[in-house]
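Each residue of the sequence shown is one higher than the one before, counting from 88 in my numbering. Encoded as structure tokens, the structure appears first; notes follow it.
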Amino acid sequence: MTNQDVVMPDIAAAAAMPGSSGRARLFACRGAAAVSASSMRGGGAAYQLVGAKAAAAKAAHVPIRPCASWVVEAMRASSPTRSPADAAVDGEYDAWTQRKHPSALGSFEQIAAAASGKRVVVFLDYDGTLSPIIADPDMAFMSDEMRAAVRDVAEHFPAAIVTGRRVDKVQSFVGLSELYYAGSHGMDIKGPSSNEEEDTKILLQPAREFLPVINEAYKALVEKTKSTPGARVENNKFCLSVHFRCVDEKRWNPLADQVKAVLRDYPELKLTQGRKVLEIRPSIMWDKGKAVEFLLKSLGFDDRGDVLPVYIGDDRTDEDAFKVLRKRGQGLGILVSKCPKETDASYSLQDPAEVKEFLVRLVQWKRRRCCHR
Numbered sequence: 088m089t090n091q092d093v094v095m096p097d098i099a100a101a102a103a104m105p106g107s108s109g110r111a112r113l114f115a116c117r118g119a120a121a122v123s124a125s126s127m128r129g130g131g132a133a134y135q136l137v138g139a140k141a142a143a144a145k146a147a148h149v150p151i152r153p154c155a156s157w158v159v160e161a162m163r164a165s166s167p168t169r170s171p172a173d174a175a176v177d178g179e180y181d182a183w184t185q186r187k188h189p190s191a192l193g194s195f196e197q198i199a200a201a202a203s204g205k206r207v208v209v210f211l212d213y214d215g216t217l218s219p220i221i222a223d224p225d226m227a228f229m230s231d232e233m234r235a236a237v238r239d240v241a242e243h244f245p246a247a248i249v250t251g252r253r254v255d256k257v258q259s260f261v262g263l264s265e266l267y268y269a270g271s272h273g274m275d276i277k278g279p280s281s282n283e284e285e286d287t288k289i290l291l292q293p294a295r296e297f298l299p300v301i302n303e304a305y306k307a308l309v310e311k312t313k314s315t316p317g318a319r320v321e322n323n324k325f326c327l328s329v330h331f332r333c334v335d336e337k338r339w340n341p342l343a344d345q346v347k348a349v350l351r352d353y354p355e356l357k358l359t360q361g362r363k364v365l366e367i368r369p370s371i372m373w374d375k376g377k378a379v380e381f382l383l384k385s386l387g388f389d390d391r392g393d394v395l396p397v398y399i400g401d402d403r404t405d406e407d408a409f410k411v412l413r414k415r416g417q418g419l420g421i422l423v424s425k426c427p428k429e430t431d432a433s434y435s436l437q438d439p440a441e442v443k444e445f446l447v448r449l450v451q452w453k454r455r456r457c458c459h460r
């Protein structure tokens, strides 16, 4: 399988290819702080410096030491204060979509041509992709129209929800038993059931041994962060989320200190970032990209050249899946964003409304092909 199987925009395809460094990237609108940090491993994390400082350290063979402010810098980078309207005024978003990441709707005919004769497999993030990002994560419901679109997708293609949420929570939000679900950033994977009452079959739980320490850390984080107004700790079973969407930015630094103070007692856990959320996960080599690989293999599509995986997501954690598709030399990633961001996705959509429109068009395309056979 060659890189020619990767579905890339015709415009500046080379510019959209991932770099060779393999570093994790944090999103930001232009003008916001940009930070690249390696994953925390145990208690002695090695954090990446960026820009000239990192280059100088490397040239001088000086070890890169942990940066005390990296968490807050990452919080700002993954939560840009600049509005999408600001980016639109000076043409940044237009330039980003024209040169690197065209609209998946505007490029639908190109995507359909690449999918012709192949088995399409659809992977969908939940928050910010199927539902809007809102202040209260417990109220992030998807619309009936979106649910109908996802149901139609599952009727015509193998489909999975890949999310940081715990599986039972996202299953209750989506309400469709015919999907695969990969919760906790892919650390809790379950298969479809024949009806909504039947329990879904557990396919994989690679972090099961971490459950006791995760539950212990959850209690410690709730206690430690209760003094920060707006902070909320969510237990996603195999990972934890510290939401700071409702926290005043002046309190981000103290909140980051609180989280780091707790994690010093739990070297088995690592800290990463998402959209206005700090993620605490087991220190294992597993993410949404690994979940995609596992599901493709489970479905019998691992080594087939006639398969086109399509992954749609909006968060930094979805970059792991985008990278996997590029590394496989097969498939396409679609980033959901109204701001220009550094990404390994090939195409873009602005918001859940455009995601719904894309899914509807994908199903319509499939139905037309079936009718013409």
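Just so you know, even glycine gets a beta-carbon here, dropped at the ideal spot from N, CA and C.
- Here Leu327 has Tyr305 and Ile367 as same chain residues with Cβ atoms under 6 Å from its own Cβ, once five neighbours each way along the sequence are excluded.
- Bounds of the beta strand (DSSP E) holding Gly420 are Leu419 to Val423.
- Here Leu211 is bridged, per DSSP, to Ile248 and Ile399.
- Secondary structure of Pro369 (DSSP, three-state): strand.
- Selection Arg415, Pro439, Lys311 and Gly418 evaluated against Ser424 yields Pro439 as nearest (Cα-Cα).
- The secondary-structure analysis by DSSP pairs Glu321 across a beta bridge with Ser328.
- Under the DSSP assignment, Gln360 falls in the beta strand (DSSP E) whose first and last residues are Leu356 to Gly361.
- Taken atom to atom, the span from the alpha-carbon of Leu217 to that of Lys443 is near 8 Å.
- The segment 229-246 and the segment 256-275 touch, with three or more beta-carbon pairs separated by less than 8 Å.
- Counting only runs that start and end inside the segment 328-353, there is no beta strand (DSSP E) element of at least 3 residues.
- A direct Cα-to-Cα measurement between Val309 and Gln417 gives close to 42 Å.
- Rounded to the nearest whole angstrom, the CA to CA distance from Gly193 to Ala246 is 23 Å.
- Asp402 is positioned such that its CB atom lies closer than 8 Å to that of Gly215.
- Taking the Cα of Leu291 as reference, the smallest distance to any Cα among Glu303, Ser280, Asp275 and Phe297 is reached at Asp275.
- Under the 10 Å beta carbon count, Ser435 is surrounded by 16 or more other beta carbons and is classified as buried.
- For Gly387, the secondary structure class from DSSP, reduced to helix, strand or coil, is coil.
- With a beta-carbon spacing of about 5 Å, Val379 and Ala408 fall inside the 8 Å limit used to define contacts.
- Along the segment 223-272, the beta strand (DSSP E) occurs as fully enclosed runs of 3 or more residues at 246-249 and 267-270, listed in sequence order.
- Boundaries for Asp374: no alpha helix (DSSP H) harbours it, and the DSSP string shows neither H nor E there.
- Secondary-structure assignment with DSSP links Ser190 through a beta bridge to Ser435.
- Just so you know, the alpha carbons of Pro219 and Val237 end up roughly 15 Å apart.
- Rounded to whole angstroms, the Cβ separation of Arg252 and Gly270 is 6 Å, and the two are in contact under 8 Å.
- Secondary structure of Leu291 (DSSP, three-state): strand.
- Here Ile276 carries a strand assignment [DSSP, helix/strand/coil].
- At least 8 Å separates the beta-carbon of Ile248 from that of Val240.
- Secondary-structure assignment with DSSP links Arg206 through a beta bridge to Val394.
- For Lys357 and Val208, the gap between their C-alpha atoms comes out near 31 Å.
- Here the C-alpha atom of Gln345 lies approximately 10 Å from the C-alpha atom of Ser314.
- Around the C-beta of Gly400, 16 or more other C-beta atoms lie within 10 Å, and the residue is accordingly described as buried.
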